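Encoded as structure tokens, the structure appears first; notes follow it.
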Amino acid sequence: MKKTLSRRARIATGGAVLAAVAAGTFGTVAANASAPESGRDSAASAAPATAGQRDTTTSTHLTIDAATEAAQAALKAAKKEGQRVTVAVVDRNGNTILTMRGDGAGPQSYESAERKAFTAVSWNAPTSELEGRLESAPNLKDIPGTLFLGGGVPVTAGKAPIAGVGVAGAPSGTLDEKFARAGAEALNQ
């Protein structure tokens, strides 16, 4: 026995079939509209863009091993004098490569060491020298991430800053900077 669909069911079924056909057709047209016309354009658009030599620069960065060596030398110099410090090493862009908090170093020393290292590399000068600049330009201290206290030294390659070593936690910036210099000098050996 053959069952016949009501008029309403036939209209609903026909509408669904038309909608499916229309969606498939629209999808095909949309897909074709975004496809390139020839294979040549497709190959050109798939090739990676390359910059010319005049459009790029090369920079020098410390390795993690070198940063570790500098930090360990600074910690060793501080320990020799009975000081508990934290050492931070940042790259040319001021990004932290590593931070080593020595045994017993105060909680404030972590951030201070990073900020001193950042300040030293940003200005390519020891932070003790930069302290003096605050007299003529007091707004320098408002630059985010900086700390104009002794304890940060830049690391250079070909006179260009490539890293900063910051030390914090000793009773004076003079001592902090002495230990930071010991870290930076360990890289020249």
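The sequence shown maps to residues -30 to -1, 1 to 159 in mature numbering (1 follows the signal peptide of the UniProt record, and there is no 0). Positions of the beta carbon are idealized from the N, C-alpha and C atoms, including for glycine. Every value quoted in this text rests on a predicted model; they were computed, and no experiment measured them.
What number of angstroms, rounded off, separates the C-alpha of residue i from the C-alpha of residue j?
i	j	result
residue 92	residue 125	11 Å
residue 1	residue 17	Reliability of the predicted coordinates at residue 1 is poor, the pLDDT of 49 falling under 50, and no value is obtained from them.
residue 61	residue 67	6 Å
residue 153	residue 33	14 Å
residue 151	residue 24	36 Å
residue 36	residue 43	11 Å
residue 103	residue 113	13 Å
residue 121	residue 20	42 Å
residue 65	residue 116	13 Å
residue 99	residue 52	25 Å
residue 111	residue 89	10 Å
residue 149	residue 27	33 Å
residue 31	residue 85	19 Å
residue 158	residue 105	33 Å
Does DSSP put residue i in a helix, a strand or coil?
i	result
residue 145	helix
residue 45	helix
residue 116	coil
residue 150	helix
residue 108	helix
residue 27	coil
residue 68	strand
residue 61	strand
residue 20	coil
residue 133	strand
residue 127	strand
Quick one, which of the options has its alpha-carbon nearest residue i's?
i	options	result
residue 119	130, 137, 133	137
residue 133	146, 102, 94, 117	94
residue 147	58, 115, 106	58
residue 82	140, 104, 27, 105	140
residue 29	39, 130, 115	130
residue 77	96, 98, 54, 64	54
residue 101	84, 144, 135	144
residue 123	110, 87, 105	87
Assuming residue i and residue j form a contact by the criterion Cβ under 8 Å, report the distance between their Cβ atoms to the nearest whole angstrom.
i	j	result
residue 156	residue 39	6 Å
residue 56	residue 80	5 Å
key: Any 3 or more C-beta pairs closer than 8 Å across the region 36 to 50 and the region 68 to 83   = In the pairwise beta carbon analysis, the region 36 to 50 is classified as touching the region 68 to 83: at least three pairs are separated by under 8 Å.
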